[in-house]
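In case it helps, the UniProt record's numbering puts the sequence shown at residues 1 to 256. Just so you know, even glycine gets a beta-carbon here, dropped at the ideal spot from N, CA and C.
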Amino acid sequence: MKPSAKSPAIDLRPAGKLTDTVYSSLREDIYAFRLLPGDRFAENDVAERLQVSRTPVREALMRLQSQGLVRGYFRNGWEVVPIDLARFASLYELREMIEMHAIAKLCSPRVADAARKSLVKEQGRIWQVRPGKRLADGLEVAALDERFHSALVGAAGNAETDAVYRQVTDQLRIMRRLDFAYGDCIADTYIEHAAILDAVGQCDARAAGALIARHIEDSHTVVERITIERLEQVRAAAVQADMVQPPAQARRKRFG
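1) According to DSSP, simplified to helix, strand and coil, what is Arg147?
2) CA-CA distance, Gln202 and Cys107?
3) With a CB to CB cut of under 8 Å and the five nearest residues on each side skipped, what residues in its chain are close to Thr161?
4) Determine the direct distance from the alpha carbon of Ala155 to that of Glu43, and round the result to whole angstroms.
5) CB-CB under 7 Å to Ala237, same chain, minus the five flanking residues each way: which ones, in chain order?
6) Return yes when the Cβ of Leu178 is within less than 8 Å of the Cβ of Thr221, no when it is not.
7) Quick check on Phe33: buried or exposed, where buried means 16 or more other Cβ atoms within 10 Å of its Cβ?
8) Would Asp137 be called buried (16 or more neighbouring beta carbons within 10 Å of its own) or exposed?
9) Grab the span of the alpha helix (DSSP H) containing residue 257 for me, first residue to last.
10) Determine which residues share a DSSP beta bridge with Trp78 and list them.
11) Keeping to the same chain, check which residues put their C-beta closer than 7 Å to that of Pro56; ignore five residues upstream and five downstream.
12) Exposed or buried, which one is Glu192 when buried takes at least 16 other CB atoms within 10 Å?
13) If Leu197 and Val120 are in contact, beta carbons under 8 Å, what's the gap, nearest whole angstrom?
14) Does Phe180 come out as helix, strand or coil in the three-state DSSP assignment?
15) Anyone know if the C-beta pair for Gln128 and Ala151 falls short of 8 Å?
16) Buried or exposed: which applies to Lys105, given that a residue is buried once 16 or more other Cβ atoms fall within 10 Å of its Cβ?
17) Please check the pair Arg176 and Ala142, which I expect to be a contact at CB under 8 Å, by giving their CB distance rounded to whole angstroms.
Given below as structure tokens:
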């Protein structure tokens, strides 16, 4: 549906804030599969839908491109990057390597007891709670899950490793969210995080490493299956919608 008029309230916002708003909107469209992998669109489509000029749209798309979520074609619009399961498998492997290294370092004398105890205490307030105190909202738990793993890596104290891990996290977010949005992993996440914290608190590198490796590998297996199933469901629904719409409507752009 085309907007009836441009919203002056949005256009009067500072340029940086406007770009952030467009970026967040597009990123959520991609994460929620409202924009499917392989979908093509033009800057004008986004600008019209969000009632903004093309400048913040272009800036937002450039940011998404740097994160590997979209790619631009010279004078031929933009595309949501198709999901490459082999690439995601490589990213999961890299994630596991980084977290295993962080766990080993956390459980070694190179990390002060105070830093390790602080990590366990802070994260324990979130994850080592009674079942009745656990959060039920999948996306909220997904955000906390991401912070948990980032905290483990950050506590190891290597700023360069931490920076690489943040990039890996950004690129895996679209798949990791699916596990919490469409899977049934919340209870297991609480249990497994609590066990990892116990092992780290006891400086048991072998147990903590085994727990984190199984945790990540199980997550990868589940999100890959959910990704495939979710894409099939969304595409089947789109085909069904096109079949029941009048021809003129069926030809409209996704952003129309």
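Reading it off the structure:
1) If you number the sequence shown from 1, residue 147 lands on position 147. Helix at Arg147.
2) Within the sequence shown, numbered from 1, the residue matching residue 202 stands at position 202. Within the sequence shown, numbered from 1, the residue matching residue 107 stands at position 107. Note on geometry: alpha-carbon atoms of Gln202 and Cys107 lie some 8 Å from one another.
3) On the sequence shown, position 161 is the one that residue 161 refers to. Contacts found: Ile98, His101, Ala102 and Val153.
4) Here residue 43 is taken as the residue at index 43 of the sequence shown, counted from 1. Here residue 155 is taken as the residue at index 155 of the sequence shown, counted from 1. Those two C-alpha atoms are separated by around 41 Å.
5) Taking the sequence shown and counting its residues from 1, one reaches residue 237 at position 237. Nothing meets the Cβ criterion.
6) Along the sequence shown, read from residue 1 onward, the residue named residue 221 stands at position 221. Along the sequence shown, read from residue 1 onward, the residue named residue 178 stands at position 178. Between Thr221 and Leu178, the gap from beta carbon to beta carbon reaches 8 Å or more.
7) Counting from 1 along the sequence shown, the entry for residue 33 is found at position 33. Burial is judged here by how many other beta carbons sit within 10 angstroms of a residue's own beta carbon; Phe33 has at least 16 and is buried.
8) Within the sequence shown, the letter at position 137 stands for residue 137. Answer is exposed; the Cβ neighbour count stays below 16.
9) Beyond the ends of the chain as shown, which are 1 and 256, falls residue 257; an answer cannot be given.
10) The residue given as residue 78 occupies position 78 in the sequence shown. By DSSP's assignment, Trp78 forms a beta bridge with Phe41 and Gly72.
11) By one-based count along the sequence shown, residue 56 stands at place 56. Excluding residues within five positions, the ones whose Cβ falls inside 7 Å are Ala15, Leu18, Thr19 and Val22.
12) By one-based count along the sequence shown, residue 192 stands at place 192. With 16 or more Cβ atoms within 10 Å of its Cβ, Glu192 is classed as buried.
13) For the purposes of this step, residue 197 is taken as residue 197 along the sequence shown, with counting starting at 1. For the purposes of this step, residue 120 is taken as residue 120 along the sequence shown, with counting starting at 1. At roughly 5 Å, the Cβ-Cβ gap stays under 8 Å, so Leu197 and Val120 are in contact.
14) Walking along the sequence shown from the start, residue 180 turns up at place 180. Helix, per DSSP.
15) As a working mapping, residue 128 is identified with position 128 in the sequence shown. As a working mapping, residue 151 is identified with position 151 in the sequence shown. In this structure, Ala151 does not lie closer than 8 Å to Gln128 by Cβ.
16) Locating residue 105 in the sequence shown gives position 105, where the first residue counts as 1. It is buried - the Cβ of Lys105 has at least 16 other Cβ atoms within 10 Å.
17) Numbered from its first residue, the sequence shown carries residue 176 at position 176. Numbered from its first residue, the sequence shown carries residue 142 at position 142. Right, the Cβ-Cβ distance comes to about 7 Å (below 8 Å), so this counts as a contact.
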